[in-house]
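*Asks:* Please read through the structure below; I'll follow up with questions.
Chains as they are written, first to last, in the numbering used here: chain A, 9 to 375; chain X, 36 to 341.
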């Protein structure tokens, strides 16, 4: 170590300057560091891509091609059949196959007759390879990203609603009730996390499935994010309680009270606006945790159910495929790459938000 | 110090009691039925008899009987593993998980802390960037992916470790390593943040000005302060690591206790759910107590404050 140099860190040396160096506002500070900007851009690119391809992926995520494309490696030229891409109203000459599943004779489809967007979509279908049922991984990973992100966002929302309400109420009431409520949080902290999620999921399954009246596909996802969110609100409750307690003793709140402001006016005008920063920050940090949690549940077989894709579901399926025979690398690489990039970007954004809203705190920041 | 320990012990017992009551309420209000497995329906008379046999026809009786048994360290029968009692399951599975978890936590501290210190000292260097990448991968990749990757690289390609199973020392390193990865990442991250704060503080400047060597300042003065957040993370982390992980156990075929947390809940096996929860919360309370004592030892102001 001998002559190792270190720079004594101070607030000015953190992060490089970016084009958006407006540092007087929290959002300006947020975009100040290059890494958060890159993370936001990456997520936007993923989001736009998966939304644009949604018409294709909705039609394609579960189309199986058992004869040509089973576990086909990634290829530049498409191996899936053209007829799936031709709009349904254009009828191709096709005789029913032996099982009535698929035309026996391939139509001599010419790619050039398709619209440009459809042609590109057809090309893209082979970029990520095919899974063990001959489904295009490309059109499973992209909607899978959306499903995972939705689960993360909704779980974070559930956690925020429960946690912020619980924490704020505890802090505002104070006294013994506050003590009791925080003891409850401590006790729930003492329960094993994964067991809680599973128990909550079991408990929620019947009422929510009844509520969705048979749409099990949606009920399934709702149950997942409510269960994950219902377990992740504890940290949020502690943080919000601490914030409200410290805000209540701030001079400007005392000044408002001295000036005759009522409790609701103070809550609306002074407390809530100051809570938005920590709420947004912790919500952003709950999203990657929830996505990861969903992947564990998928690995256990109680996450998102087939054929609905999610990044965790795809990664778990990929691990199974790779475990049986080494070689189907694309089944694990592409879902995991998107998963990791998404989680890393979300972590950077959360840290960026924390730095932006609370420049003094540096608890467990990444950069 | 003794006052602190007694206080925390009493609080811990109360907490475990509350956790038990909460788990009991959740377990009995679950839909589903532990006596009905697979597709066979059992006749209602038989179910009544089974419920009576396990005291489950009377919730209050079940609550008190199980609690009385648990105090005597007798957790009673399981409903799904017919020839096993909860005690036998815990006695066979817990030592395995304790061993792997202990090794994982040791690896996490021995690797995570130096990485955190070095990347804080050489802030912005290639080492910092590399370790940041590693940390990010460690917290973003699911354990089943890293575990399987290790299995393929070490066991299938290099053939330096057995593919899975349990019994010899050679089975130990891979699961422990896979289990430790997220902890390594998190500890490195906590240490780095703590070190950056500590290196910028006045007492480090004073120590340097008085002529202490850089090595002493970094590894003695600064690390002592920077280690405190790691220590408070280690309490819950140890309890979590030592009660095993379903994923690691499934990937490596290890007969640990982590799988019983999941299977008991999926089978609605009330006795096993409550025993595993009690084991976990006891470990958690115990490790938090150890952490509190160590904390007070490192930073004497704490025990005076209590």
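Where a beta carbon is used, it is the ideal one built from N, C-alpha and C, also for glycine.
Which residues in chain X sit within 7 Å of residue 194 of chain A, going by Cβ to Cβ distance?
*Replies:* Your numbering for residue 194 of chain A matches position 186 in the first chain. 50, listed in chain order.
*Asks:* Going along chain A in order, which residues have a C-beta closer than 8 Å to the C-beta of residue 61 of chain X?
*Replies:* Mapped onto the second chain, residue 61 of chain X falls at position 26. Ordered by position in chain A, the residues that pass the 8 Å Cβ test against residue 61 of chain X are 207, 211.
*Asks:* Is the shortest distance between the beta-carbon of residue 323 of chain A and the beta-carbons of chain X less than 7 Å?
*Replies:* One-based indexing of the first chain puts residue 323 of chain A at position 315. With 7 Å as the cut-off, residue 323 of chain A counts as an interface residue toward chain X.
*Asks:* Roughly how far, in whole angstroms, is the beta-carbon of residue 211 of chain A from the beta-carbon of residue 220 of chain A, given that I think they are within contact range, below 8 Å?
*Replies:* Taking the first residue of the first chain as position 1, residue 211 of chain A is located at position 203. Taking the first residue of the first chain as position 1, residue 220 of chain A is located at position 212. Their Cβ separation, rounded to whole angstroms, is 16 Å, which puts residue 211 of chain A and residue 220 of chain A out of contact at 8 Å.
*Asks:* Looking at the C-beta of residue 198 of chain A, does it have a partner C-beta in chain X at a distance below 7 Å?
*Replies:* Walking along the first chain from the start, residue 198 of chain A turns up at place 190. At least one chain X Cβ lies under 7 Å of residue 198 of chain A.
*Asks:* Beta-carbon within less than 8 Å of residue 300 of chain X's beta-carbon, same chain only, minus the 5 sequence neighbours each way: which residues are those?
*Replies:* Residue 300 of chain X sits at position 265 when you count from the first residue of the second chain. If we look at residue 300 of chain X and ignore the five residues flanking it on each side, its Cβ neighbours are 308.
*Asks:* Using only alpha-carbon positions, find the residue among A/140, A/321, A/67 that is nearest to residue 74 of chain A.
*Replies:* Indexing the first chain from 1 puts residue 74 of chain A at position 66. If we check each option's Cα against that of residue 74 of chain A, A/140 comes out closest.
*Asks:* Please work out which residues of its chain come closer than 6 Å, Cβ to Cβ, to residue 224 of chain X, disregarding the five sequence neighbours upstream and downstream, and give them in chain order.
*Replies:* The sequence position of residue 224 of chain X within the second chain is 189, counting from 1. Closer than 6 Å at Cβ, skipping near neighbours: 170.
*Asks:* Under a CB-based cut-off of 7 Å, is residue 307 of chain A close to chain D?
*Replies:* Of the protein chains in the structure, A and X, none is chain D.
*Asks:* Starting from the Cα of residue 334 of chain X, find the closest Cα among X/293, X/89, X/266 and give me that residue.
*Replies:* On the second chain, residue 334 of chain X is found 299 positions in, with the first residue counted as 1. The option with the nearest alpha carbon to residue 334 of chain X is X/266.
*Asks:* Less than 8 Å between C-beta atoms, sequence neighbours within five positions excluded: which residues of the same chain meet that for residue 254 of chain X?
*Replies:* Locating residue 254 of chain X in the second chain gives position 219, where the first residue counts as 1. Contacts found: 152.
*Asks:* Kindly list the residues whose CB is nearer than 8 Å to the CB of residue 306 of chain X, restricted to its own chain and excluding five residues on each side of it in sequence; keep chain order.
*Replies:* Taking the first residue of the second chain as position 1, residue 306 of chain X is located at position 271. Excluding residues within five positions, the ones whose Cβ falls inside 8 Å are 89, 101, 110, 111, 112, 113, 114, 121.
*Asks:* Taking one C-beta from the region 171-180 of chain X and one from the region 351-361 of chain A each time, how about it: are there three or more such pairs within less than 8 Å?
*Replies:* Contact holds: three or more Cβ-Cβ distances are below 8 Å.
*Asks:* Does any C-beta atom of chain X lie closer than 7 Å to the C-beta of residue 351 of chain A?
*Replies:* Here the question's residue 351 of chain A lines up with position 343 in the first chain. Closer than 7 Å to some Cβ of chain X, the Cβ of residue 351 of chain A qualifies, so yes.
*Asks:* Give the interface partners of residue 202 of chain A over in chain X, defined as CB-CB distance under 8 Å, in chain order.
*Replies:* Looking up residue 202 of chain A in the first chain gives position 194. The contacting residues are 281, 296, 297.
*Asks:* What did DSSP end up calling residue 120 of chain X once you bin it into helix, strand or coil?
*Replies:* If you number the second chain from 1, residue 120 of chain X lands on position 85. Strand.
*Asks:* 7 Å is my cut-off, CB to CB: does residue 303 of chain A come that close to chain X?
*Replies:* Here residue 303 of chain A refers to the residue found at position 295 of the first chain. Chain X contact via Cβ: present.
*Asks:* Could you name the residues of chain X that residue 8 of chain A contacts, counting a contact when the two beta carbons are closer than 7 Å?
*Replies:* Because residue 8 of chain A is not part of the residues shown, which for chain A are 9 to 375, the question remains open.
*Asks:* Which chain A residues are close to residue 300 of chain X, counting only those with a beta carbon under 8 Å from its beta carbon?
*Replies:* Position 265 of the second chain, counted from the start, is the residue given in the question as residue 300 of chain X. 203, 206, 207, 210, listed in chain order.
*Asks:* Could you check whether residue 239 of chain A and residue 54 of chain X sit closer than 7 Å to each other, using their CB atoms as the reference points?
*Replies:* Your numbering for residue 54 of chain X matches position 19 in the second chain. Your numbering for residue 239 of chain A matches position 231 in the first chain. No; because the gap between Cβ atoms is not below 7 Å, this pair is not in contact.
*Asks:* Strictly below 9 Å CB to CB, what residues from chain A border residue 142 of chain X?
*Replies:* Walking along the second chain from the start, residue 142 of chain X turns up at place 107. Simply none; closest approach about 20 Å.
*Asks:* With a threshold of 8 Å on Cβ separation, who are the neighbours of residue 286 of chain A within its own chain once the five nearest residues in sequence on each side are excluded?
*Replies:* Within the first chain, numbered from 1, the residue matching residue 286 of chain A stands at position 278. So the qualifying residues of the chain are 247, 248, 251, 365, 366.
*Asks:* In chain A, which residues lie with their C-beta within 9 Å of the C-beta of residue 171 of chain X?
*Replies:* Position 136 of the second chain, counting from 1, holds the residue named residue 171 of chain X. Result: 348, 351, 352, 355, 356, 374.
*Asks:* Counting only the same chain and skipping the five closest in sequence on each side, list residues whose C-beta sits under 8 Å from that of residue 195 of chain X.
*Replies:* Taking the first residue of the second chain as 1, we reach residue 195 of chain X at position 160. Cβ within range, chain order: 189.
*Asks:* Determine the DSSP secondary structure at residue 112 of chain X, reduced to helix, strand or coil.
*Replies:* Taking the second chain and counting its residues from 1, the one referred to as residue 112 of chain X is at position 77. DSSP places residue 112 of chain X in strand when its eight states are reduced to three.
*Asks:* Which bits of chain X does residue 295 of chain A rub up against, with CB to CB less than 7 Å?
*Replies:* Along the first chain, read from residue 1 onward, the residue named residue 295 of chain A stands at position 287. The contacting residues do not exist; residue 295 of chain A stays about 12 Å from chain X at best.
*Asks:* Can you tell me which residues form a DSSP beta bridge with residue 144 of chain A?
*Replies:* Within the first chain, the letter at position 136 stands for residue 144 of chain A. Partner(s): A/138.
*Asks:* What residue range does the alpha helix (DSSP H) around residue 301 of chain A cover?
*Replies:* Position 293 of the first chain holds residue 301 of chain A. Taken as a continuous stretch (DSSP letters only), the alpha helix (DSSP H) holding residue 301 of chain A covers 280-308.
*Asks:* Within its chain, find whatever has a CB closer than 8 Å to the CB of residue 297 of chain X; leave out the 5 residues flanking it on each side and keep chain order.
*Replies:* For the purposes of this step, residue 297 of chain X is identified with residue 262 of the second chain, where counting begins at 1. 281, listed in sequence order.
*Asks:* By Cβ distance, which residues of its chain are closer than 7 Å to residue 252 of chain X, with the 5 residues on each side in sequence left out?
*Replies:* Along the second chain, one-based indexing puts residue 252 of chain X at 217. Cβ within range, chain order: 239, 242, 243.
*Asks:* If I measure Cβ to Cβ from residue 322 of chain X and keep anything under 6 Å in the same chain, skipping five residues before and after, which residues do I get?
*Replies:* What you label residue 322 of chain X is simply residue 287 of the second chain in a count that begins at 1. Within the same chain, residue 322 of chain X has close Cβ partners 270, 273, 274.
*Asks:* With respect to the alpha helix (DSSP H) encompassing residue 65 of chain A, which residues constitute its N-terminal and C-terminal limits?
*Replies:* What you label residue 65 of chain A is simply residue 57 of the first chain in a count that begins at 1. Note, residue 65 of chain A: alpha helix (DSSP H), 62-68.
*Asks:* Hey, quick one: how far does the alpha helix (DSSP H) through residue 275 of chain X stretch, first residue to last?
*Replies:* On the second chain, residue 275 of chain X is found 240 positions in, with the first residue counted as 1. Looking at the DSSP string, the run of the alpha helix (DSSP H) that includes residue 275 of chain X is 258-277.
*Asks:* Quick one, are the C-beta atoms of residue 161 of chain A and residue 58 of chain A less than 7 Å apart?
*Replies:* The residue given as residue 161 of chain A occupies position 153 in the first chain. The residue given as residue 58 of chain A occupies position 50 in the first chain. Cβ distance not < 7 Å, so residue 161 of chain A and residue 58 of chain A don't count as in contact.
*Asks:* Compare the C-beta of residue 327 of chain A against all C-beta atoms of chain X and say whether one is closer than 7 Å.
*Replies:* Taking the first residue of the first chain as position 1, residue 327 of chain A is located at position 319. Cβ-Cβ to chain X under 7 Å: yes for residue 327 of chain A.
*Asks:* Output, in chain order, the set of chain A residues within a Cβ distance shorter than 7 Å of residue 53 of chain X.
*Replies:* Here the question's residue 53 of chain X lines up with position 18 in the second chain. Near residue 53 of chain X (Cβ distances below 7 Å), the residues of chain A are 195.
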